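To convert, note that position 322 of the sequence shown is 322 in the working numbering; the numbers rise steadily by one, no gaps.
Beta carbons: idealized from backbone N, C-alpha and C, even for Gly.
In this text, all values refer to a predicted model and were calculated from it rather than measured experimentally.
A short write-up of the structure that comes next.
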Amino acid sequence: NVDFPLATVFRQAYIVPNGATNADLAATAIGTGPFLIREFTPGETPTVFERNPNYWQSGLPKLDVLELISIPEAPSRVAALQSGQVDVIEDPPFTELAGLESGGETTIVRQTLGNMELIAMETDEPPFDDNRVRLAMKYAMDRQGMLDLVNGGFGTLVNDIPISAALQYGIPGVRERDLDMARQLLAEAGYGDGLDVTLKVSDVQARFVDFATVYQQQAAEAGINIELDIRPADTYWDTVWLKEPMYVSAYIARPADGMLALLYLSDAAWNEIHWFRPEWDEILTTARATLDVEERTSLYQQAQQLVIDEGGHLVPYMTNTIDAVRRSVTGWLPSGTPFHNFLNMDISA
C-alpha cells in the first residue's frame, strides 16, 4: 500500500506494545500519551486524567488534571461554558456562535474538513437495490440548502462520497439538484406516483435530527415521502447502524484510501451500504500498489466515481468542526475530529 505511511498518522491510531491484544486494551489503558487515567466508569461522567510524570516530552503536558464531561444537550453545554463549569465545548449550536464570540469570556475556534453527516442506503434492499432510486434520492438533495439550514453554512460541499475534493485523489464538482431528473428516475423505476421510505435517525449526535428533517422536506418536492423513525440515542449504534436499510450516519474525515477501504471494500467492517463488488475491490487494490502518481490518482478517482454514480450514500457536505473556548485557555489546538490534543493546553489565572 503506497499510502501506508498515512495510516501511521491517523488520529484514530494508537501506539501500543508489540503483541497487545484487543482484550488487553479493553482491560487496561496501554499507550504512550501525556495523561494517565485516574477515574473512568463506562457510561458515567466525568472521566478524570492526571499528568503522566514519565511523558517523553519534557515540560508537557501543562495541565496536572484533565476532566472530560459528557453533556449531550447543546444548550446545557453552552450554559456550562458560560458559567465556567467547563473551559472548552465542542459542537456548539451555530445559532449561539455570535453570542459566544461577542460575550467577552469565550472565543470560537474553527477547523475545516472535519466531520460529515450522511444517509446510508443498503444497495441490496428494495427499493434501494435499484440505482435509479438511489440517483433520484441524490438529485432531490439541495446540498447548499442542507449545509445552510443544518450547519449554518459552515462547511464544504461534497458529492455523495465522504471524501473532499480538497484531499489527495479527490474529485472536484458536486451533483446539482434536479427535481425533474429525480421524478423521471422514480417514474422509470416504477414510482411515478411517489416513493415512500422510512429513515431511521436519532439525536445521538447533535445535528442528526435536523439533517434528516431538512432532507425530508427537500425530498418531498421530488415525490419522495420520507417517514422519520426517531430511535433512542443509547441504542442507536447497536440496533440501527449496519442493520437497517436506511439511516443517518456520520464519519470523521480520513485520507481517501483509508475511507474507501473502511466503507466500500466487499469485506469492509463498516460496509454499511452493502457495496459488494469484486471488480471495485480490484481497482482499489491495484491503486494501492501503483507507484506512478498519475496512474494511482486515476485509479482512486475511478473507484470514487463508481461510488458517486452508483453507491448508496447521500453525502451533501463536510462540516467545519467548531469549538467554543474560554479566553482563559491557552494552547488549544483544533483537531478537526473528536480526538483532541490537550498536550499544550493550559488555564491562565
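Taking the DSSP output, what are the residues bridged to residue i?
i: E382; result: In the structure as shown, the chain starts at 1 and stops at 349, and residue 382 therefore has no counterpart that could be examined.
i: M246; result: M121
i: A324; result: I89, I108
i: Y317; result: L157
Alpha carbon to alpha carbon, how far is residue i from residue j?
i: P202; j: N131; result: Checking the sequence shown, residue 202 turns out to be Ser, not Pro. About 26 Å.
i: A289; j: F10; result: 20 Å
i: R110; j: D91; result: 10 Å
i: N159; j: D309; result: 10 Å
i: A136; j: L149; result: 21 Å
i: A74; j: P93; result: 7 Å
i: M259; j: P162; result: 7 Å
i: N52; j: K200; result: 43 Å
i: Y215; j: A206; result: 16 Å
i: A80; j: N320; result: 22 Å
i: D3; j: D281; result: 16 Å
i: A189; j: P127; result: 9 Å
Can you tell me the Cβ-Cβ gap for residue i and residue j, rounded? I've got them flagged as a contact below 8 Å.
i: M141; j: P316; result: 6 Å
i: T198; j: D229; result: 5 Å
i: A23; j: I30; result: Actually they do not touch by this definition, with Cβ atoms about 11 Å apart.
i: D257; j: L6; result: 7 Å
i: M318; j: G155; result: 6 Å
With DSSP collapsed to three states, give me the class of residue i.
i: K200; result: strand
i: D309; result: helix
i: L167; result: coil
i: T107; result: strand
i: L25; result: helix
i: L157; result: strand
i: T330; result: strand
i: L291; result: coil
Would you call the segment 314 to 324 in contact with the segment 81 to 100, where contact means no fewer than 3 C-beta pairs closer than 8 Å?
Touching, per the Cβ criterion.
Counting beta carbon pairs with one atom in the segment 117 to 135 and one in the segment 235 to 249, are three or more of them shorter than 8 Å?
With the cut-off at 8 Å, the segment 235 to 249 and the segment 117 to 135 touch.
Quick one: any contact between the segment 266 to 273 and the segment 293 to 304, if contact means 3 or more CB pairs under 8 Å?
Using a Cβ-Cβ distance cut-off of 8 Å, the segment 266 to 273 and the segment 293 to 304 are not in contact, since fewer than three pairs of beta carbons, one from each stretch, lie closer than that value.
Three-pair Cβ contact test at 8 Å for the segment 251 to 266 versus the segment 218 to 237
As far as the Cβ criterion goes, the segment 251 to 266 does not touch the segment 218 to 237, which means the pair count is below three.
Can at least three beta-carbon pairs, one atom from the segment 143 to 152 and one from the segment 70 to 89, be found at a separation below 8 Å?
With a cut-off of 8 Å, the segment 70 to 89 and the segment 143 to 152 do not count as touching, because too few Cβ pairs lie within range.
Three or more beta-carbon pairs under 8 Å between the segment 62 to 74 and the segment 41 to 48, yes or no?
Enough Cβ pairs lie closer than 8 Å, so yes.
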